[in-house]
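In our numbering, the protein residues as written are 1 to 352. From the three backbone atoms N, C-alpha and C, an ideal C-beta is built for every residue, glycine too.
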């Protein structure tokens, strides 16, 4: 490891061209997944990142340390399915030891969670979000084309046993598939003590079969939930807006809605993504990014890496979701042939 160490005091985050701070980094550790969900991986065959291009844990930890010195305090480990990556606890332990990172989380589909929850907690992982789009076993099989809902449920059980608190459920809502489960899923989360986050179906990455007709907008979700639960109130969110706008029910149950498709929050977004092979993407909709792996493997110092990252972020003016909202006759962001030419455009590569 080279000498660019995190400062003992919290650094002031680097700001982009619109004044948005560099605060949150999603770190993908693999582009592989053990499910084939229709909103992410609907095709039969995929082009994968070459194995020799995947960052080692040492390379990933080094890059995160540099990002931490520039203001990043929130790190979320993603995939693909991150629990497919062998010895993930080693990376979690290394990131958890970084004093700059105050919020270390992971997103998983939950299939392998029952065996990993305990070791991840012991290694220093703070929070886990589980993706769960349906409570019906047959529908799960149809939608995900693999896995068993029972294994996800076992993983959710393991969260409490391992001592995790503040866990969340991510639910991508697709009209005609699972929009009839909005209320049952929120009830499920309430009973389990999980904060449910409903996500509008987005036209990014591998969503090659996306259509505006499949999107259930935030306003419609709130109307349906209000009809069932009677009322809800917005939760004030000081400072940087999170992806989810949060609401509370009369009994104190909190849920969120990520309305990136119909009501983008680009003007307050301080998030970026590092793919498993070191491509740094400053917007989920970005067509290209900065190849940080190249700098790492060509011998750049930590100071040089920090300069590259800071300069790129200062020039950032991305507003991908806002720009997509203005597109007439909107369809999928990418056609299949473009995805196969550059797998970095895939959602399962970008880490969601």
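Euclidean distance between Cα positions of residue 5 and residue 65: Because residue 5 sits at a pLDDT of 42, beneath the cut-off of 50, its placement in the model cannot be relied upon, and the point is left open.
Proximity below 8 Å, CB of residue 23 to CB of residue 71: In this structure, residue 71 lies closer than 8 Å to residue 23 by Cβ.
N-terminal and C-terminal residue of the alpha helix (DSSP H) that residue 153 is part of: Under the DSSP assignment, residue 153 falls in the alpha helix (DSSP H) whose first and last residues are 149-162.
Bounding residues of the alpha helix (DSSP H) (the contiguous stretch that carries residue 202): Element bounds for residue 202: n/a, residue is neither H nor E.
C-beta contact flag for residue 111 and residue 163 at 8 Å: Taking the C-beta atoms as reference points, residue 163 is found no nearer than 8 Å to residue 111.
Coarse secondary structure for residue 77, derived from DSSP in three states: Residue 77: strand per DSSP, three-state reduction.
Nearest-angstrom beta carbon gap, residue 218 and residue 263 [assumed within contact, 8 Å]: 6 Å between Cβ atoms; contact.
Proximity to residue 305 [Cα-Cα], best of 94, 274 and 292: Comparing Cα-Cα distances from residue 305 to each of 94, 274 and 292, the minimum goes to 292.
Rounded straight-line distance, which links the Cα of residue 300 to that of residue 130: In this structure, the CA atom of residue 130 is about 36 Å from the CA atom of residue 300.
Own chain partners of residue 319 with C-beta closer than 6 Å, once the 5 adjacent residues on each side are dropped: Within the same chain, residue 319 has close Cβ partners 266.
8 Å contact criterion, which residue 174 and residue 39 should meet: CB distance rounded: Indeed, because the Cβ distance is near 6 Å, the residues count as touching under 8 Å.
CA-to-CA distance, residue 333 to residue 341, given in whole angstroms: Taking the straight line from one Cα to the other gives about 14 Å.
Validate contact between the region 245-256 and the region 185-198 using beta carbons, cut 8 Å, 3 pairs: With the rule of 3 Cβ pairs closer than 8 Å, the region 245-256 counts as touching the region 185-198.
Through-space distance from residue 225 to residue 231, alpha-carbon basis: So the alpha carbons of these two residues sit roughly 8 Å apart.
Cβ neighbour criterion (16 or more within 10 Å) applied to residue 92: Residue 92 comes out buried.
Length of the line joining the Cα atoms of residue 150 and residue 137: Taking the straight line joining both Cα atoms gives about 8 Å.
C-alpha distance - residue 49 paired with residue 207, whole-angstrom precision: Answer to the nearest angstrom: the Cα atoms are 19 Å apart.
Enclosing alpha helix (DSSP H) for residue 41 [first to last residue]: No alpha helix (DSSP H) holds residue 41; DSSP gives it neither H nor E.
Same chain only: Cβ atoms within 8 Å of residue 42, ignoring 5 sequence neighbours per side: Once the five neighbours on either side are set aside, the close Cβ partners of residue 42 are 36, 206, 207, 208 and 209.
The region 55-69 / the region 152-162 touching (three or more Cβ pairs under 8 Å): Taking a cut-off of 8 Å on C-beta distances, the region 55-69 does not touch the region 152-162, as fewer than three cross pairs fall below it.
Counted within 10 angstroms of its Cβ, other Cβ atoms place residue 116 as buried (16 or more) or exposed: Counting every other CB atom within 10 Å of its CB across the protein chains shown gives residue 116 a total of 16 or more, marking it as buried.
Close-in-space but distant-in-sequence residues of the same chain around residue 33 (CB under 7 Å, 5 per side omitted): So the list reads 41, 79, 80, 81 and 348, once near-sequence residues are dropped.
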